[in-house]
Amino acid sequence: MKRLIHFFLDNARLNYTILIFLIFMGISSYIKIPKEVFPIVAENQIVVRGSYVGANAASLNSFAVTEIENELESVVGIKEIESTIRSGSFSIVLYLEDSYEPNDLINDVKDAISVVRSSLPSDMDEPTASVVKRTMSLLTIALTGDYEKELLDISKDLKTEIFKFNHINEIQISGDSDLQIDIYLDEEKLNAYGINSKSLISQIQNLSYIYPVASIEQKGNYVYVNTTDKKLVDNFWENSLIEVDSKKLYLSDLATIKIHYPKEDTIARVNGKSSITLNIYKDEQANVIELSKEVQKYLQEFKKNHKNINIEVIHDDAKPIKERLNTVISNISFGLVLVGLSMFVLISPRISVVVVLGIPFSFIIGVITFYYAGYSLSMLSLLAVLIMIGIIVDDAIVVSENIQRYLDEGKSIKDAVYKGTIEMLPPVLVASLTTVFAFLPMLYLSGRLGSFISIIPIVVSILIVASLIESFLFLPIHAKHMLKPKEKMLNWAPVYKFYEKILHLLIHNKFIFIGTFVIVVPLATFFMATSMRFQFFPNMDSDRITLSVKFDESKSLEDSSQIAKSFEKLLLDNKKELNLKTLQNRVGLFSSLSGDSESIENAFTMSLMLEDFKENNWIQNYLQPIFTFSFDFEQKEKTRIKKSFEIQKEVQTLIEPLLKKFDVTDKTLTTTRIGIVRTDLEFKISSKDSNLIQESILKLKEELAKIDGVVDISDNAELGKYEYKYKINNYGESLGLTESYIANALNSYFMERDQTKAVSIDGLVDVKTQLLTKDNLDSFKNFQLPLEDGRFVELSKVIDFTITKDFETLEKENSKIIKTVYANVELEKITSSEALVKIKPALTELEKSGVEIILGGEFEQNEQLKDELSIAVMISIFLIFIVLLINFPSFRISFIIISVIPFSLIGALLGHLVMGLNIMMPSLIGMLGLAGVVINDGIIMLDFIKNTKTKEEFYSRAKLRIRPILITSITTLLGLSTLIFYPSGQGVVLQPLAISLGFGLLWGTILNLIYLPALYAVLFKLKD
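Count along the sequence shown starting at 1, add 50, and that's the number in this note's numbering.
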């Protein structure tokens, strides 16, 4: 390393050439690197999906899902299996072990499904398995117009064109439908003509054939033979002649034919107008800002060719990302200015320039490494950079200050630079390694929590390495060309003198001081830690509020749509008061409190997109417009001054009368939450007795409602539709009827069954049949069932019904059926931990009744954090201790330095009290990182006083370290100050982390200057 430093110092031209090259590489990397608000938080997953029309959740579970789950349990590498079963469909999510990639297991999963295929119904499509894609929202585009078919065609064309852009991962269309041919059979006419219903279906199936018929390879005349494709007109089907039981009839004699685009799934509206909405998603590699620009640029051209259609971007995810990136970059720039000014005042102008020059180069090296390592630039990574400003500058300060000291002692510029740099290599390297080893064990955190937080230790490690490269390879050449001996500097003599007096007092009373210190500080730390409240993540302002409403199952899609219009009108009438920018509604979709969505007719989900929030602090008002060169001091586009949670409460008050008027059965009103916990409280209830589950849920919800501050109480245990289970009676058996025969006779009339296909220019078109009176129960019971001998019998005469009602949806975890109660808390009244303490007696009583209750939500993540963070702390302390032993081959010195870590925690706790914040998950991460940062100054101090034998020598050497220790601490605090005192937007996520580091370091500076020398004097007897 010494040779490398010497080489770079002697080759100035090479040095500056490399720096210029790095600048261009850094600019290029910054432009190309993907940018997003938060990194994609997702575990490795494979999803299995299947469907069987007409089957309820319980039936699907018994004949399909359980069989598949049993077979999947034999696949090595699957950590957990979660199944969600709804009427007619199911999905099985496979969570993989961290050491397995989805592409490695996908074939094994498909093989397992193939094994089960033979036991599934013969007319059921084989379930599919696919790797879960990691996607992030990019744009939401709404199309409105007067002609439905034109809108549908244009939306599909637009989808096709946008899919051609690189990195577009998925496009979901809401409000669209596929062309369909519906044949509504009239039961009265069937009975009047005496038509055998089974034979009729067979004739309809034969009306359309879409596959090749012949290939004639006659010499000179090669011919393909196929059927006509002119079947998409009513006349073809109405005039089709069919023969059933020797009776020749036109299909129109027995049925009504409709060729249309049925809106059976969802109805979409934007600001009260019918629309088709395209939700566009990108992959992990995309630069969201650039990709959004490209798509919107194409959209402008697309609009020119479709002027009769209104095409509008109603949500652009690039805009808030760009805003947030600008905010963080402004904070970083301001942090750099503060650090530079502090060094200008506290050391010297020349040293401040040398140090500040190095900071951008450290960031440039970091950005290059980030880009080529495949990482994205997110709010978390940039906030981690903001946190590191003051920390990475410490290396440069210590090296520069040491070079200046040798210059002032009379060394030549070359010798001063070389010796000053080399001398600081061991302590700076050790200090850097301790910082890295404090943050790096965070990578031990697993699951979604680990994925969310992993970017922080990666950023820290990369920037620390970049700082070392800058401080020992590039900084020396700057110092050689800029530093001068005897430069006018701030007079530190009074500080030295004052500090020396303190040292004299401490050493004279060292035993009393240390004895008092080791008793009082731990007790105070324990008292504060046990009395403070805990929450997982801080609250964050959001630009979107989601309202989801569910009615009783009797409501059709059209009924739900009409009711939803009342809600739309009410909200749009109060658009100004609510700071509402856009109101997007999807009828036929319900989003639960847990974040899961289901497509049902009796529900709607509204997205209330709010105006941009106007931050009211001097950084946003005055500094950001300068640092971003926008000079928009008035923030004209930002009109909202109310927080999203305030607007959420106003919406709740507004819609309350409508919720009562329309007998709403379930409702969720939520804003975007930070991170990985969907709900504050989550209780997973399991039992083989479904009635006991329902009773337990009702009791639990009653007890939760009694706790002040617990809100949004809901569950996923809603019962589904009535199920009529039939059994053939004695009369039916005497007629030779079987369950299979009856099922085949009924399903084409009462299940909207696909019978054949037609062809359009857009692809295949389903031809479906159903009875005109399909949804009439009397019509079902009175249906004339054809017998093999040509006679008919009324259905109700040959079967008996048993009426049951099962859960609408089944959720399973590792083959066990789970029902969940969800709730949130109002943090100004109670935390989730406090709510759990209050509800614990009720949980104990319920468990005695025979149900199993598993705590999820924030509690589940807290338990994971507690276990894994404990191990991470032990790993961190061990690695730091090993590094200290390598540099200081003494257990006593290493112990002195590392003892600062537990005593520094009280500073972090005090910081949260001063700022009025609860302890949070980022706070704990900050305390772990503090372990490496707080001892850096201690390393510098011990490195200078470790060989002192006398008190005089001890005083003279110890006081020389107060300047670099104070300067490095001050610059670190200034770098953190904007995030501590002026967090905005997503910056609140890491504010607790910055508080732990900042206030912990402030107290740690006192420890390193007072406690550490006193402890050294106790353990190493100094001579008078």
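Cβ atoms here follow ideal geometry from the backbone N, Cα and C, with glycine treated the same way. Owing to the predicted nature of the structure, the values given are computational and were not obtained by experimental measurement.
Residues of the same chain with a CB within less than 8 Å of the CB of F584, apart from the 5 flanking positions on each side, are T881, S883, N912, N968, I969 and M970 in chain order. With contacts defined by Cβ atoms closer than 8 Å, P972 and L1043 form a contacting pair. In the structure shown, A305 adopts extended strand secondary structure according to DSSP, grouped into three states. For F842, the uninterrupted beta strand (DSSP E) segment begins and ends at F842 to E844. DSSP, read as helix, strand or coil, puts A543 in helix. Under the DSSP definition of a beta bridge, E910 lacks any partner.
Note that the C-beta distance between P588 and Q1041 is below 8 Å. The continuous beta strand (DSSP E) containing T327 extends over residues K323 to K332.
Going by DSSP, A1044 is part of the alpha helix (DSSP H) stretching over Q1041 to I1056. For P836, the three-state secondary structure derived from DSSP is strand.
The bridge partners DSSP lists for K866 are E863. CA-CA distance, F502 to W287, rounds to 57 Å. Inclusion of T1000 and L935 in the CB contact set at 8 Å is not warranted, their separation being larger than that value.
G497 and I946 have their alpha carbons spaced roughly 36 Å apart. Excluding sequence positions up to five before and after I1020, its CB lies within less than 6 Å of the CB of S392, all in the same chain and listed in chain order.
Pairwise C-beta distances place the segment 794-807 in contact with the segment 253-261, as three or more of them are shorter than 8 Å.
The shortest CA-to-CA distance from S598 to any of T721, L483 and P572 is the one to T721. For I512, the CB contacts under 7 Å within the same chain, skipping 5 residues up- and downstream, are G416, T419 and F420 in chain order. With 16 or more neighbouring CB atoms inside 10 Å of its own CB, D593 falls in the buried class. In this structure, K530 lies away from I442, with their beta-carbon atoms at least 8 Å apart. Cβ atoms of V97 and S137 stay farther apart than 8 Å, at about 19 Å. Closest by C-alpha distance to A481, out of I1015, I1056, F1070 and L328, is I1015. DSSP places K749 in the uninterrupted alpha helix (DSSP H) bounded by S740 to A755. Annotation: the segment 241-296 contains the following complete segments of the beta strand (DSSP E) (minimum length 3 residues), in chain order: 264-268, 271-275 and 291-294. In this structure T580 is exposed. Its beta-carbon is surrounded by fewer than 16 other beta-carbon atoms within 10 angstroms.
Between L821 and L235 a beta carbon distance of about 5 Å is seen, short of the 8 Å cut, so the two are scored as contacting. The C-beta distance from I382 to I975 rounds to 20 Å, too long to fall under 8 Å, and the pair is not in contact. With a beta-carbon spacing of about 7 Å, L978 and M492 fall inside the 8 Å limit used to define contacts. Judged by their CB atoms, I1030 and V871 are not nearer to each other than the 8 Å cut-off.
According to the DSSP assignment, V320 belongs to no alpha helix (DSSP H) but to the beta strand (DSSP E) extending over I317 to V320.
A Cβ-Cβ separation of about 6 Å places I903 in contact with L896 under the 8 Å criterion. Rounded to whole angstroms, the separation of the alpha carbons of T1028 and E1003 is 40 Å.
Look at M801 here: in three-state DSSP terms it is coil, with no helix or strand label. Under the DSSP assignment, G786 falls outside any beta strand (DSSP E); it carries neither an H nor an E label. C-alpha of I1017 to C-alpha of F58: approximately 27 Å in a straight line. CA-CA distance, K771 to L607, rounds to 16 Å.
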